[in-house]
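The structure appears right after this line, and notes come after that.
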Amino acid sequence: MLIVDKLYAGYGLSEVLVGTSLQVKAGTLVALIGPNGAGKSTTMRAISGLIKPTKGQVLLDNKPVQGMDASQIARLGLAHVPEGRRVFGPLSTEDNLLLGGYRRLPRFFGFRKKAVRDLERVYELFPRLQERRRQAAGTLSGGEQQMLAIGRALMADPKVILMDEPSMGLAPVIVEEVFATIQRLKETGIPLLLVEQIIKRALEVADYVYVMEHGRVVIQGSPAELRKNERVIAAYLG
Amino acid sequence: MTTSIVPQLIVSGALMGLVYALVAYGFQLTFATSKSINFGQGELVMVSAFFSLTLTKVGFPYWLMIPGGLLFGVLLGLFVERAAVRLALEQKSEGWVLLTIILGLFFFSAAENIWGRDDQPFPTPISANAIQVFGVSITPLEISVAVGVLAIMGLIELFKRMTLLGKAFEAVSSDRDAAELMGVSARRTIMLSYGLSGLSAAVAGILVSPITTVGPTMASVLVLKAFSVAVVAGLDSGFGVVLVGLVLGALEGLTSFYVGSGWREAPGLVLLILALAVRPSGVFGKAVIRKV
Amino acid sequence: MVKRLFFIHGAELLVFVLLASVPLVVINPFALGLLTLLAIYGILLIGLDVTVGYLGQINLAQAAFLGLGAYASGLTVTHFGLGMVSALFVSLLTGLVFGAVIAFPALRLEGPQFALATLSFSALVATTLNEWESVTHGAQGLSLVRPPFFGVNLAAQGFYWLCLVLLAIVWMGMHNLLNSQWGRTFEALRDSPIATDAMGIGTFRHRVAAFALGSALGGLAGGLYAFNFQYLQPQIFVWELMVILLLGVVLGGRKSLWGAFVGAAFIVLLPNLLSNRILFQIFSLFGLLTALAAGGRSYFRKTIRPFQAIAPIVAMGLLVVVAFTVQNIEDLRRAIFALMLFSVVVGLPEGLMGFAARFLSKLFRIAPAALSEPAPLDRVLVKKAADPSPLLELRELKRNFGGVRAVDGVSLVVRSGQVHGLIGPNGSGKSTLVNVISGLYAPSGGTMLLRGRPLPVGSLFNAARTGISRTFQNLQIFSELTALDNVMVAMKDTYHKPLPLVLFGLARGEERCSQSGALALLELVGLRDEARTPAKDLPYGAQRLLEIARALACHPDLLILDEPAAGVAHPDVRKLVEIIRNIHRIGITTILIEHHMDVVSELCDVVTVLDGGLVIAEGRPEEVKRHPKVIAAYLGASA
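Protein chains in written order, with the numbering used here: chain F, 3 to 240; chain Y, 57 to 348; chain U, 6 to 644.
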């Protein structure tokens with residue numbers, strides 16, 4: 003369960019978020035959409051701790067985490083799949099996955115043994131990753147890297163997953179696969195916050211939708227309600 | 057006799073060059089995680105060598121002294137990170153250049169006063185009697201330098217590859233923010249890199265002191281030579297520094313004999329300037345795609 | 006006006022007169038020696054401050070230049086019997102030449118590498134001076150006799166006045182230089198080398214010039230040093246001296262002629278400080294109290310991190326301990342310098358003068374010189390005749406990053422006088438495209454033509470010189486400069502006067518011309534009243550507008566605006582639209598990357614839509630908005 007309450011954050015002098023509020027309840031997938039520059043990615047980064055909010059609260063299972071270091075928040079069970087995937091290129095696929103489980107695995111020895119079951123689960127979900135387990139992650143295709151990034155998040159046995167523009171830069175066929183995976187993730191019951199540029203996809207898979215503009219949430223509702231809302235369409239094409 | 061001088065100079069010099077390689081390796085460690093290095097690393101080598109010497113003088117046998125000296129090196133490395141580097145990193149400035157220089161100067165002066173200005177011999181159980189290998193005379197002591205350097209570099213590389221913490225180290229080097237999102241604290245990883253760098257400095261000190269004696273000036277130009285090696289070898293090649301170190305050491309040996317012992321430092325310095333001129337990206341800036 | 010002139014120059018004149026009259030009043034050779042050394046170190050530190058203060062680089066070679074200049078003049082006097090003026094000229098030239106030579110490899114490097122290169126050079130010089138005994142007499146030292154000055158043998162007094170006069174000349178010259186376009190450029194380079202290149206100001210050549218200037222002054226100081234002591238040893242010009250020089254510059258205050266002077270005074274008095282135990286104890290206590298006061302104050306105001314408050318206190322405390330317990334303070338000389346330098350760098354980075362300046366400006370409110378009237382806008386930005394011919398043509402332009410094809414064969418035409426919009430989803434290649442056009446990246450394939458001729462590739466500087474100007478998505482303003490200076494620095498076409506005239510203060514006319522032009526541009530973007538505000542203190546929206554004014558100062562043929570409305574609050578967006586409309590009326594061709602569709606619709610004559618590195622649509626805004634491919638790209642393909 004993730005609650006964001008009147009969050010303010012920005013970069014240097016520029017204040018991008020001006021009072022964003024949203025909620026992600028257990029077992030739901032919440033989509034965050036809006037035009038570019040609205041502050042969606044900034045919201046993700048402020049939640050996961052990559053930037054520190056100036057005002058407002060972020061509650062992870064009712065525990066306030068705003069202002070903490072990103073690594074602390076991650077260790078509390080928040081998994082952020084960042085924009086652009088950001089896999090560790092020089093490390094192998096399997097190493098990337100193991101690092102995903104960093105918060106739960108022994109630091110020195112014995113981590114491989116302990117991670118066996120989690121790895122199996124991820125490989126079941128993404129068989130292609132198992133084929134390429136020893137390959138350097140930087141050599142994987144865009145779609146495979148996206149799978150790896152999601153797999154990494156799962157290895158942490160997270161309480162909440164944040165996914166930032168998983169479709170960016172991917173061919174339409176691969177985007178299909180990614181959203182099929184997201185659908186399967188939904189079935190596991192983990193709360194998911196999804197930022198997505200392709201509105202149609204976001205509306206298909208979400209239980210609830212927030213629309214952001216100029217740093218705050220301007221419309222919210224179920225996908226059905228939003229499809230009928232003209233303002234949403236207008237927000238994108240002026 | 058004169059004809060075998062050249063290989064002799066080359067081999068003896070090259071073995072010393074391995075010490076530069078080890079210090080350069082220490083630079084690679086801290087640079088990988090934090091894009092910073094300790095400009096006072098030479099003083100770190102010297103102070104830990106002195107400390108190790110003191111340990112032997114108060115009664116520690118050689119093999120017991122080693123872990124003590126190494127621990128001290130780690131602590132010094134952590135101190136450098138806390139006192140001179142962390143603030144600048146937080147402010148995203150390059151103030152660590154000046155601050156590590158200042159710290160090095162402080163260590164130099166402190167060492168002069170605690171241990172005196174004279175060069176002192178460093179005891180070792182390893183024999184200094186020359187043996188003949190392929191017509192060149194080497195001492196087991198010199199061989200121990202090679203063994204020690206390769207051993208410590210090998211151990212650290214094993215650590216990076218075999219432990220999860222080591223993989224986390226590589227992760228921070230590759231993408232700091234993404235590593236944080238995995239729960240890896242970049243700050244603690246940087247501390248680790250400076251600790252390891254201090255460790256390698258202590259090893260270098262212990263290895264080289266029996267040959268060169270311990271003195272306040274023993275490592276003053278070491279930084280620059282280690283830099284030449286690091287710049288020429290490049291960032292990523294952990295063992296490339298070994299090769300370049302060997303070459304530089306050999307060059308120095310030849311220069312010292314044929315040109316004059318005072319000119320010994322020159323090849324390293326010239327090499328550094330040339331390397332920076334030809335490869336400006338060198339240690340500090342792989343061709344980074346600038347984001348504007 | 007008179008008050009201002011009197012205050013700024015009055016203080017300097019007063020000090021000069023005081024210093025000059027000392028030998029007439031006080032008959033103490035020791036004091037005279039100190040003052041002579043003060044003048045020499047003053048020149049040396051002014052030189053060092055050019056790179057350390059203005060360029061913000063850690064220059065570790067200044068002691069080496071001092072040594073080179075000293076030995077050069079010493080040797081020319083001993084071997085060729087030159088007079089003082091010629092010998093000093095030789096030492097100046099030595100510093101200049103060596104500085105220029107080392108500058109070429111060193112200045113393409115960023116901070117730490119630059120420090121390394123200068124450090125190596127310094128060590129190399131020390132080795133050479135020591136080892137090349139046939140020339141320098143090595144460690145034994147070189148004795149020389151002070152040469153006559155225009156035939157007159159100078160005694161201590163006369164030599165002192167010569168040094169003082171040279172200091173005064175250097176001071177005035179530097180004052181004029183640093184208050185001219187040169188000074189502005191140095192500071193701009195430090196704040197954003199990317200932006201200086203993009204404004205057509207050669208980053209590299211200016212850095213080399215600054216460094217060579219500093220090293221020339223170092224050489225000159227070296228000549229005076231040689232004639233002062235009449236005995237040289239290589240051991241003088243070593244690392245420890247360099248640290249002392251840095252201590253002087255940082256303690257005195259960077260970017261300040263007065264700071265260099267105060268720092269020089271400190272250095273000169275340093276040996277006395279260390280040899281007199283009581284004095285040192287008082288000094289260390291004073292230092293501790295200052296650290297406590299300053300650190301405590303800033304910590305409670307939360308302006309600094311705890312470490313910045315505590316560390317200087319610890320360092321100064323250690324100094325006090327040393328002062329009261331150690332028998333022979335001299336032995337711990339270097340540790341003491343280290344502690345002092347550490348405290349200043351961490352706790353008082355602006356130095357004494359920077360600190361004092363804040364108080365002085367509060368005590369004495371000096372109204373700055375009145376600004377000139379802004380020039381009429383049409384003289385600054387000449388209205389261009391309507392001309393529908395193509396200005397910029399791109400043919401199958403490509404740019405790859407590894408396997409990623411960010412721009413995958415884009416062809417488009419930008420016509421003169423139009424506002425050409427460039428839109429597309431995230432990751433579509435818009436920014437990469439303009440980065441290639443403006444020269445930040447070289448293309449991986451295809452051609453670019455400006456007015457039918459190939460555009461220079463891969464160089465911001467060359468592209469700027471051809472008439473392309475731009476703003477940046479991540480602001481690249483010169484934060485430490487005022488808004489006015491930000492624009493003035495980019496008005497490069499107004500500065501023609503050669504360097505010697507600038508040094509003598511004879512280029513004021515250019516300054517006024519440039520100032521009025523810059524004010525006109527500031528007025529265009531509505532920032533005229535903020536002309537004197539440092540750019541970093543402006544609100545975000547104003548900073549964006551400032552970047553536009555600066556980009557216009559280059560009189561571009563093609564202006565690229567990269568998401569000018571990003572992060573800007575809604576009312577400011579309206580202002581921005583008005584400004585761009587005015588720019589359009591003047592006839593400047595503009596490429597506009599924007600996400601705000603309403604902005605694009607209002608302003609653009611033509612819009613090109615990118616997706617996945619390719620053009621998917623082009624036309625008037627209304628057409629493009631209805632284009633099925635565009636809708637698909639933004640909303641997702643309809644099933």
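Using N, Cα and C, we set each Cβ at its ideal position, and we do this for glycine too.
For S68 (chain Y), the closest of Y:F107, Y:A144 and Y:I187 by C-alpha to C-alpha distance is Y:I187. Restricting attention to U:G257, U:T308, U:D616 and U:F103, the CA atom closest to the CA of F216 (chain U) is found in U:F103.
Cβ-Cβ distances below 6 Å link A525 (chain U) to P379, A380, L382 and V385 in the same chain, with the five nearest sequence neighbours on each side left out; the list follows chain order. With a cutoff of 8 Å on beta-carbon distance, M209 (chain Y) and L78 (chain Y) are scored as near each other. Excluding the 5 residues flanking it on each side, V20 (chain F) has same chain C-beta neighbours closer than 7 Å at Y10, G217 and R218, in chain order.
Sequence-distant Cβ neighbours of A77 (chain U) in its own chain, meaning closer than 6 Å and more than five residues away, are V95, S96 and T99.
Taking a C-beta distance under 8 Å as the contact criterion, V349 (chain U) and G58 (chain U) do not qualify as a contact pair. When secondary structure is reduced to three states using DSSP, D413 (chain U) falls in the strand class. M165 (chain F) has F:V83 and F:L196 as its beta-bridge partners, per DSSP. L172 (chain U) and A16 (chain U) do not touch by the CB rule: their CB atoms are close to 15 Å apart, not below 8 Å. DSSP places I32 (chain U) outside both helix and strand once states are collapsed to three, so it counts as coil.
In chain order, T95 and E96 place their CB closer than 6 Å to the CB of R135 (chain F), counting only its own chain and leaving out the 5 sequence neighbours on each side. Closer than 8 Å to the CB of Y545 (chain U) there is at least one CB belonging to chain F. Between the alpha carbons of A138 (chain F) and L619 (chain U) lies a gap of roughly 30 Å. Assignment of S16 (chain F) by DSSP, reduced to helix, strand and coil, places it in the strand class.
In the three-state DSSP reduction, R404 (chain U) falls in the strand class (E or B).
Remark: fewer than three beta-carbon pairs, one from each stretch, lie closer than 8 Å, so the stretch 65 to 74 of chain F and the stretch 150 to 165 of chain F are not flagged as touching. I158 (chain Y) sits buried, since 16 or more C-beta atoms from the chains shown fall within 10 Å of its C-beta. Residue nearest to T208 (chain U) within the set U:A193, U:R590 and U:L218 is U:A193 (criterion: CA-CA distance).
In the DSSP assignment, Y210 (chain F) falls within the unbroken beta strand (DSSP E) covering Y210 to E215. When DSSP reads this structure, D616 (chain U) sits in a beta bridge with U:L619. According to the DSSP assignment, A33 (chain F) belongs to the beta strand (DSSP E) that extends over L31 to I35.
Interface with chain Y (8 Å Cβ-Cβ cutoff): A215 (chain U) is excluded. Leaving aside the five residues that flank P179 (chain Y) on each side, the residues in its chain whose CB is nearer than 6 Å to its CB run, in chain order, T112. Chain Y places a beta carbon closer than 8 Å to that of I63 (chain U), counting this residue as a contact. Note on geometry: alpha-carbon atoms of K65 (chain F) and A361 (chain U) lie some 47 Å from one another. Within the stretch 34 to 45 of chain F, no residue has its Cβ closer than 9 Å to any Cβ of chain Y. In the structure shown, K65 (chain F) falls within a strand segment according to DSSP collapsed to helix, strand and coil. Exposed is the label assigned to K115 (chain F), since fewer than 16 other Cβ atoms lie within 10 Å of its Cβ. With the criterion set as a beta carbon lying under 8 Å from some beta carbon of chain Y, the members of the stretch 80 to 102 of chain F are A81, H82, P84, R88, V89, F90, G91, P92, L93, D97, L100, L101 and G102, in sequence order. Under DSSP, G450 (chain U) forms a beta bridge with U:K403.
Not flagged as an interface residue toward chain U: M70 (chain F), since no C-beta distance is shorter than 8 Å. Residue-level contact check: F190 (chain Y) does not touch chain U, since none of the beta carbons of chain U fall below 8 Å from its beta carbon. For the stretch 457 to 494 of chain U, the continuous beta strand (DSSP E) assignments of 3+ residues that do not extend past its boundaries occur at 473 to 475, in sequence order. Contact annotation: in the stretch 172 to 196 of chain F, no residue has its CB less than 7 Å from a CB in chain Y. Chain-ordered, the chain Y residues with CB closer than 7 Å to the CB of N135 (chain U) read G318.
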